[in-house]
Amino acid sequence: MAMEVTDAQLVERCRAGETAAWNELVERFSRYVYGIALRAFRLPEHDAEDVFQDVFARTYERLDSLRDDSAIRPWIAQLTRNACIDHLRSGGREELIAEPLEGEADAAIEKLDEALAVHEGLRALSADCREILDRFFARDESYRAIGEVLGLPAGTIASRISRCLGKLRHELEGRNQDPGASGGW
Amino acid sequence: MSPTPPDRFEEERLGELLALLPPAPSGWTRAAQELPAARRELDEIVERARADADFRLRLVADLEQALASGGYVPRVELLAAVRAYLRDPQ
Numbered sequence: 001m002a003m004e005v006t007d008a009q010l011v012e013r014c015r016a017g018e019t020a021a022w023n024e025l026v027e028r029f030s031r032y033v034y035g036i037a038l039r040a041f042r043l044p045e046h047d048a049e050d051v052f053q054d055v056f057a058r059t060y061e062r063l064d065s066l067r068d069d070s071a072i073r074p075w076i077a078q079l080t081r082n083a084c085i086d087h088l089r090s091g092g093r094e095e096l097i098a099e100p101l102e103g104e105a106d107a108a109i110e111k112l113d114e115a116l117a118v119h120e121g122l123r124a125l126s127a128d129c130r131e132i133l134d135r136f137f138a139r140d141e142s143y144r145a146i147g148e149v150l151g152l153p154a155g156t157i158a159s160r161i162s163r164c165l166g167k168l169r170h171e172l173e174g175r176n177q178d179p180g181a182s183g184g185w
Numbered sequence: 186m187s188p189t190p191p192d193r194f195e196e197e198r199l200g201e202l203l204a205l206l207p208p209a210p211s212g213w214t215r216a217a218q219e220l221p222a223a224r225r226e227l228d229e230i231v232e233r234a235r236a237d238a239d240f241r242l243r244l245v246a247d248l249e250q251a252l253a254s255g256g257y258v259p260r261v262e263l264l265a266a267v268r269a270y271l272r273d274p275q
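Heads up: the sequence lines are chains D and R, in that order. Residue numbers are given in the numbering used here: position 154 of the first sequence equals residue 154, and the series is strictly consecutive. Residue numbers are given in the numbering used here: position 43 of the second sequence equals residue 228, and the series is strictly consecutive.
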């Protein structure tokens, strides 16, 4: 298994201009930014795309201003939150950013923080387990579709999912950390 | 008696949390990954436009053609960025 690169190490390598590190950083946080735009702020897809590109452009431009490299996740969350609010304001949809709804968005972001922590736990699993759990839960693929892609009988998918979930659980318990407390994973 | 608190690593809950993060469309991710290269390309074009008045005039006259003949792929994002520069060279 490849050694896990921490967020702080990734940020440092991005600052040094490593293309592979930037690609990894985008890959690592793309679902999170997408989730905040779509689930927390309920932006339509085309608005979410603008926000998504804007957030990564700001991340790239302002990486030098990040004081604590390990705090990249909350920093990106804040950039995304601000970009979503700016987008709603510029579209004349101030009513959507009234205080109670902003509170709802923040609660949704907290939930996405938990989800990201769990998703990051996948990195410690085998490629097969990562693939099968991601396809089933995150991509919402059927047993049949997963079986076809992975060359496995559809009847064995459920038991594999269960086994892989068990491994993920074991991994997260080993880290002895609440999935909600996702910093530094 | 107080109810048992939910198990934070309970497998059903892990599945629900995984489902909250579907992948972003691959085209979006790729575009974000290409950002540094796109910035370098834009910097190069801007530098060239500053140093070469003829190239700059060609950009103003026919942006797409000028970029293509200058060896650049006139992608939508690049065209927009160069247009923005030409509107406000500062």
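Positions of the beta carbon are idealized from the N, C-alpha and C atoms, including for glycine.
Using 8 Å as the limit for Cβ to Cβ distance, is residue i near chain R?
i        : result
GLY35/D  : yes
GLN78/D  : no
GLU173/D : yes
TYR143/D : no
LYS167/D : no
PHE41/D  : no
HIS46/D  : no
ARG31/D  : yes
ALA115/D : yes
VAL149/D : no
GLU49/D  : yes
ARG139/D : yes
TRP185/D : The pLDDT assigned to TRP185/D is 26, lower than 50, so where the model puts this residue is not dependable; a value taken from the coordinates is nonetheless given after this. No - not a single Cβ of chain R is within 8 Å of the one on TRP185/D.
LEU112/D : yes
GLU4/D   : no
GLU104/D : no
GLU120/D : no
SER182/D : The predicted model places SER182/D with a pLDDT of 41, which falls under 50 and marks its position as unreliable, so this point remains unresolved.
LEU133/D : yes
Are any of the Cβ atoms in chain D nearer than 8 Å to that of residue i?
i        : result
GLU249/R : no
ALA204/R : yes
LEU199/R : yes
ALA209/R : yes
PHE240/R : no
PHE196/R : Residue identity differs from the one stated: residue 196/R is Glu in this sequence, not Phe. With 8 Å as the cut-off, GLU196/R counts as an interface residue toward chain D.
Assuming residue i contacts residue j under a Cβ cut-off of 8 Å, what Cβ separation, rounded to an integer in Å, is found between them?
i        : j        : result
PHE41/D  : ILE76/D  : The Cβ separation is near 15 Å, so there is no contact.
TYR32/D  : LEU116/D : 5 Å
LEU63/D  : ARG13/D  : In fact, because the Cβ distance is near 11 Å, the residues do not count as touching under 8 Å.
GLY200/R : PHE137/D : 5 Å
LEU242/R : LEU252/R : 14 Å between Cβ atoms; not a contact.
LEU79/D  : VAL55/D  : 5 Å
GLY35/D  : LEU205/R : 6 Å
ASP69/D  : VAL11/D  : 4 Å
LEU73/D  : ASP128/D : Sequence inspection shows Arg at residue 73/D; the Leu mentioned does not correspond to that position. Contact flag wrong, Cβ pair sits at about 27 Å.
THR19/D  : PRO221/R : 7 Å
ALA226/R : TYR257/R : The residue you asked about is not Ala; residue 226/R is Glu in the sequence shown. Contact holds; Cβ gap of about 7 Å.
LEU248/R : ARG235/R : Between ARG235/R and LEU248/R the Cβ distance is about 16 Å, and since that is not below 8 Å, they are no contact.
GLY147/D : ALA154/D : 4 Å
ARG81/D  : ILE109/D : 7 Å
| At a Cβ cut of 7 Å, what residues of the region 217-230 of chain R count as close to chain D, listed as they run along the chain? | ALA217, GLN218, LEU220 and PRO221
| said: Does the region 38-58 of chain D come into contact with the region 100-115 of chain D, if we say contact requires no fewer than three beta-carbon pairs (one atom in each stretch) closer than 8 Å? | reply: yes
| field | Interface residues of the region 6-24 of chain D facing chain R [CB-CB below 7 Å] | value | THR19, TRP22 and ASN23
| said: Using 8 Å as the cut-off, can you tell me whether the region 42-53 of chain D makes contact with the region 213-223 of chain R, which would need three or more C-beta pairs spanning the two stretches below that distance? | reply: yes
| Within the region 123-155 of chain D, ranges of the alpha helix (DSSP H) (whole runs, at least 4 residues) | 127-133 and 143-150
| field | Residues of the region 54-81 of chain D whose Cβ lies closer than 8 Å to any Cβ of chain R, in chain order | value | PHE56, ALA57 and TYR60
| Any chance the region 155-170 of chain D sits against the region 120-134 of chain D, with 3 or more Cβ pairs inside 8 Å? | yes
| task | Give, in chain order, every unbroken run of the alpha helix (DSSP H) that is at least 4 residues long and sits entirely within the region 195-261 of chain R. | result | 196-204, 211-218, 220-236, 238-246 and 248-254
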